[in-house]
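Residue numbering for the sequence shown follows this note's numbering, starting at 558 and increasing by one per position. Heads up, the beta-carbon is just placed ideally off N, CA and C, and yes, glycines get one too. The structure presented is a predicted model; accordingly, all values stated were derived computationally and were not measured. The structure appears below as C-alpha coordinates.
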Amino acid sequence: MQTEKIMAFVRQNLFAFILGFGVLGMFLFFNLSGRECFNCEKTQTFKPDQRNRSSGIRFHK
558 MQTEKIMAFV RQNLFAFILG FGVLGMFLFF NLSGRECFNC EKTQTFKPDQ
608 RNRSSGIRFH K
(Lines of atoms letter the chains of each structure in order from A; the text may use other names.)
(Lines give C-alpha, C1' and ligand atoms only; values in the text may rest on other atoms or scores of the structure.)
Protein backbone atom coordinates (compact mmCIF):
# COMPACT_ATOMS: atom_id res chain seq x y z
CA MET A 558 0.00 0.00 0.00
CA GLN A 559 2.77 2.47 0.92
CA THR A 560 4.75 1.50 -2.19
CA GLU A 561 1.75 2.22 -4.41
CA LYS A 562 1.47 5.74 -2.99
CA ILE A 563 5.17 6.36 -3.55
CA MET A 564 5.00 5.10 -7.13
CA ALA A 565 1.93 7.28 -7.84
CA PHE A 566 3.76 10.31 -6.45
CA VAL A 567 6.82 9.59 -8.60
CA ARG A 568 4.66 9.19 -11.72
CA GLN A 569 2.88 12.49 -11.06
CA ASN A 570 6.17 14.35 -10.57
CA LEU A 571 8.35 12.50 -13.06
CA PHE A 572 9.41 15.61 -15.00
CA ALA A 573 10.48 17.40 -11.80
CA PHE A 574 12.51 14.39 -10.67
CA ILE A 575 14.23 14.05 -14.06
CA LEU A 576 15.02 17.76 -14.15
CA GLY A 577 16.30 17.81 -10.57
CA PHE A 578 18.50 14.74 -10.98
CA GLY A 579 19.81 16.13 -14.29
CA VAL A 580 20.83 19.45 -12.72
CA LEU A 581 22.34 17.67 -9.72
CA GLY A 582 24.26 15.33 -12.03
CA MET A 583 25.63 18.20 -14.12
CA PHE A 584 26.64 20.07 -10.95
CA LEU A 585 28.48 17.03 -9.59
CA PHE A 586 30.09 16.31 -12.97
CA PHE A 587 31.46 19.84 -13.30
CA ASN A 588 32.66 19.99 -9.70
CA LEU A 589 34.35 16.58 -9.76
CA SER A 590 36.04 17.31 -13.09
CA GLY A 591 37.57 20.50 -11.68
CA ARG A 592 35.52 23.03 -13.62
CA GLU A 593 33.81 25.97 -11.96
CA CYS A 594 30.03 26.03 -11.86
CA PHE A 595 29.71 29.08 -9.69
CA ASN A 596 32.38 31.66 -9.03
CA CYS A 597 31.38 33.44 -5.84
CA GLU A 598 34.33 35.82 -5.68
CA LYS A 599 33.33 39.45 -5.53
CA THR A 600 34.83 40.88 -8.72
CA GLN A 601 32.49 43.78 -9.47
CA THR A 602 30.76 46.43 -7.42
CA PHE A 603 27.41 47.96 -8.20
CA LYS A 604 27.02 51.74 -8.36
CA PRO A 605 23.84 53.40 -9.57
CA ASP A 606 24.39 56.07 -12.18
CA GLN A 607 24.00 59.40 -10.37
CA ARG A 608 22.93 61.41 -13.43
CA ASN A 609 20.07 59.22 -14.60
CA ARG A 610 18.95 56.41 -12.29
CA SER A 611 16.63 54.87 -14.88
CA SER A 612 19.40 54.23 -17.38
CA GLY A 613 20.08 50.71 -16.12
CA ILE A 614 22.61 48.82 -14.06
CA ARG A 615 26.21 49.90 -14.27
CA PHE A 616 29.17 47.89 -13.01
CA HIS A 617 32.51 49.51 -12.19
CA LYS A 618 35.74 47.62 -11.66
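- In the three-state scheme derived from DSSP, where H, G and I count as helix and E and B as strand, residue 561 is classed as helix.
- Straight-line measurement puts the Cα of residue 578 at about 18 Å from the Cα of residue 565.
- For residue 586 and residue 575, the gap between their C-alpha atoms comes out near 16 Å.
- Annotation for residue 591: no alpha helix (DSSP H) segment contains it, and DSSP assigns it neither H nor E.
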